[in-house]
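Inspection log for the structure reproduced underneath, given as C-alpha cells.
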C-alpha cells in the first residue's frame, strides 16, 4: 500500500466540523491510499483503495475519495462507499471532556469553502461523550453546518423532504446524574433500524 502525504497538494483543505477541535485547522492533511490519479488540468485528485484522510483529530475513511479544487483554491471532498463499507468520519469536538462526533453514509461530501458536510443515503451522525452515545440521528440525507452547529435531516437523497419517502429517527440517550453515573454508565449500543425504512 502506498502511503504518501499530500499535505503540499492539499494544504488548503479545511476539514473542520461539529465544533471541531480548533487545533485541527493548523495540522497537515495526510491521505493514505492504494492508488492515486491526479488530473492537474481539471484539478481533480482521485484516491482509491482503503482511503484514510487524517488531519489532527479528524479522520475520514472510504474505499474511494475524489478531491476537486475550484479556481479560488477551495476543495470539495467526495467520499464514496462500496457494498458493506460505508464512507465514515470521526472528529473530536472542542470543549471540556472527551467529546466526539462521527458519521457514516454511502456518500459524504465536504466543502472547505462553506464548512458544510452532506451525508447521502443511509446517513447517520452520532455524538459521543466519554465513549457513551449521547444522541444519534439518521435519515436518507443529513446536512451539517459546523459554523452554526445545525443539522437538517431529510427523507430523500436529494436533500428534500418528500411525502411517503420514509422517515428519519433520532435517539436521545438519558442523562446519567450523580456520582454513580460514572461507574454505572453503559457503553454505547447500536440502535435497531426503524421498520419500513
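Residue numbers (my numbering): 7 to 203.
Every residue, glycine too, gets a C-beta built ideally from N, C-alpha and C.
Rounded to the nearest whole angstrom, the CA to CA distance from residue 147 to residue 127 is 6 Å. For residue 130, the three-state secondary structure derived from DSSP is strand. Beyond the five residues adjoining it in sequence on each side, residue 164 comes within less than 8 Å, by CB distance, of 147 in the same chain, given in chain order. The beta carbon of residue 104 sits closer than 6 Å to those of 136, all from its chain and outside the five residues before and after it, given in chain order. The three-state secondary structure of residue 92, taken from DSSP, is coil. Taking 8 Å as the cut-off, the beta carbon of residue 145 is found no closer than this to the beta carbon of residue 168. In the three-state reduction of the DSSP assignment, residue 175 falls in the strand class. Under the DSSP definition of a beta bridge, residue 101 lacks any partner.
One Cα belongs to residue 72, the other to residue 82, and the distance between them is close to 8 Å. Within the same chain, 50, 82 come within 6 Å of residue 74 by CB-CB distance, once the 5 residues on both sides are set aside. The straight-line gap separating the alpha-carbon atoms of residue 183 and residue 139 is approximately 15 Å. In the DSSP assignment, residue 150 falls within the unbroken beta strand (DSSP E) covering 138-151.
A residue is called buried when at least 16 other Cβ atoms come within 10 angstroms of its Cβ; residue 156 does not meet this threshold and is exposed.
Between residue 112 and residue 95, the CB-CB gap reaches or exceeds 8 Å. Annotated as proximal: residue 86 and residue 70, with beta-carbon spacing under 8 Å. Restricted to the region 31-79, the beta strand (DSSP E) segments that are unbroken, complete and at least 3 residues in length are 36-38, 41-45, 50-61, 64-75, listed in chain order.
The criterion of a C-beta distance shorter than 8 Å is satisfied by residue 59 and residue 37. Within the same chain, and ignoring the five residues on either side of residue 44 in sequence, the residues whose Cβ sits closer than 6 Å to its Cβ are 51. Excluding the 5 residues flanking it on each side, residue 119 has same chain C-beta neighbours closer than 6 Å at 80, in chain order.
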